[in-house]
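Here the sequence shown stands for residues -42 to -1, 1 to 242, numbered as in mature numbering (1 follows the signal peptide of the UniProt record, and there is no 0).
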Amino acid sequence: MALLPSVFRLPLATRLRATLLTGALLATLVATASTAPAPAHAADTATVQVTLTADAAVTNTVYTDETTALSVSGSGFQSIEKGFGGIYLLFGWVDPSGAWQPSKGGATGATYRYAMDDESKPAGYQQFIAFPGSTTEASASGGDITADGSWATTLTVAGSSFEATDRDGNATTVDCLASQCGVITIGAHGVANANNETFTPVSFVSSAAMTASASETSAPTAVPVATGTQPAAAIATADTSAGAKPSSATGWMLGSALALLALLGIGTWALVRRRRAATPPADS
């Protein structure tokens, strides 16, 4: 007679306990894999948040008919200790056909345009956010980028149109009710940095509509005025990993664990039946 493997020569009660212990261990492994934390922001996933300074519940919205004070913050940006420059925070327009960024050969006045400010008497239409320890840190109107790549400042938007100039000083008026405008970040002091280039579109609403909506205790419905699709790579996106579906690796582990548990259960059931069949009936 062929010898059974040593595990099958153990008492039935011992085998049952081993089966239950194995099942509990597999269940723990599956639960751990399913609830593993999402990875942190990588350096190339810069994200920008834009809210009204007067009402933080209103996001990505600007008044059409009056000056708007915005609170703007960023996370996931590249921070370079003692690096030259930092980030320019601007309000403007980017070419919807793509490749507007300076790191891709884009140029001011051509692939992107922004509202100008008076350097001698700034109105807050632009902000400079410096790298920590930068030689130009003293002139940073918007503070520093922290070591973890976050920052926060304010930005002023004068209305739904602005005047921009190109590198030759030629002026152009941009109508944000006809073209999609938004908040722009690019590398400062002429240093192109693809990690810190973002465009966050905004919508426009009249101050009267905003007031009416506020009186009804509901947020205003801001209608986008985009005339084209913005380049996907240019638009800063929020982290959605918290609501992401389980990965295929997690699903494979779950399926394998369930299949193994089923096989163990079938094996145990067969052993019990064989044990009972081999036990002679008690005398009457």
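Ideal placement from N, C-alpha and C gives every residue a C-beta, glycine not left out.
From the DSSP output, in three-state form, read off Val183 for me.
As a first step, residue 183 must be located in the sequence shown, where it is residue number 225. Note that Val183 scores a pLDDT of 49, beneath 50, so its modelled location is shaky; the value from the coordinates is reported in the next line. In this structure, Val183 counts as coil in the three-state DSSP scheme.
Taking only three categories from DSSP, how would you classify Ala110?
Indexing the sequence shown from 1 puts residue 110 at position 152. Of the three classes helix, strand and coil, the one that applies to Ala110 here is strand, per DSSP.
Out of Arg71, Gln59 and Gly34, which has the shortest C-alpha to C-alpha gap to Thr123?
Walking along the sequence shown from the start, residue 123 turns up at place 165. Thr123 has its Cα closest to that of Arg71, out of Arg71, Gln59 and Gly34.
Can you tell me which of the three DSSP states residue 277 falls into?
Not covered by the structure: residue 277. The range shown for the chain is -42 to 242.
If you measure between the beta carbons of Thr143 and Tyr21, is that distance less than 8 Å?
Reading the sequence shown from its first residue, position 185 is the one you call residue 143. Reading the sequence shown from its first residue, position 63 is the one you call residue 21. Taking 8 Å as the Cβ cut-off, Thr143 and Tyr21 do not qualify as a contacting pair.
Would Thr26 be called buried (16 or more neighbouring beta carbons within 10 Å of its own) or exposed?
To locate residue 26, count along the sequence shown from 1; it is residue 68. With 16 or more Cβ atoms within 10 Å of its Cβ, Thr26 is classed as buried.
Can you check whether the CB of Ser29 is closer than 8 Å to the CB of Thr5?
Within the sequence shown, residue 5 is the residue found at index 47, counting from 1. Within the sequence shown, residue 29 is the residue found at index 71, counting from 1. Cβ distance not < 8 Å, so Thr5 and Ser29 don't count as in contact.
From this set, Val115, Gln36, Thr11 and Asp102, which residue's C-alpha is nearest Glu24's C-alpha?
The residue you call residue 24 lines up with position 66 of the sequence shown. Checking every option, the nearest Cα to that of Glu24 belongs to Val115.
Determine the closest residue to Cys134 out of Gln36, Ala96, Phe49 and Ser119, with distance taken between C-alpha atoms.
Within the sequence shown, the letter at position 176 stands for residue 134. Measuring from the Cα of Cys134, the nearest candidate turns out to be Ser119.
Quick one, are the C-beta atoms of Phe86 and Gly32 less than 8 Å apart?
Within the sequence shown, residue 86 is the residue found at index 128, counting from 1. Within the sequence shown, residue 32 is the residue found at index 74, counting from 1. Against a cut-off of 8 Å, the Cβ pair of Gly32 and Phe86 comes out as no contact.
Just to confirm my understanding: we take Tyr83, look at its own chain, exclude 5 residues before and 5 after, and list those with CB closer than 6 Å. What are they?
Position 125 of the sequence shown, counting from 1, holds the residue named residue 83. Once the five neighbours on either side are set aside, the close Cβ partners of Tyr83 are Ala73, Asp75 and Thr114.
Phe157: which of Ala14, Val16, Asp13 and Pro60 sits nearest, CA to CA?
Position 199 of the sequence shown, counted from the first residue, corresponds to residue 157. Looking at the Cα atoms, Pro60 is the closest of the given residues.
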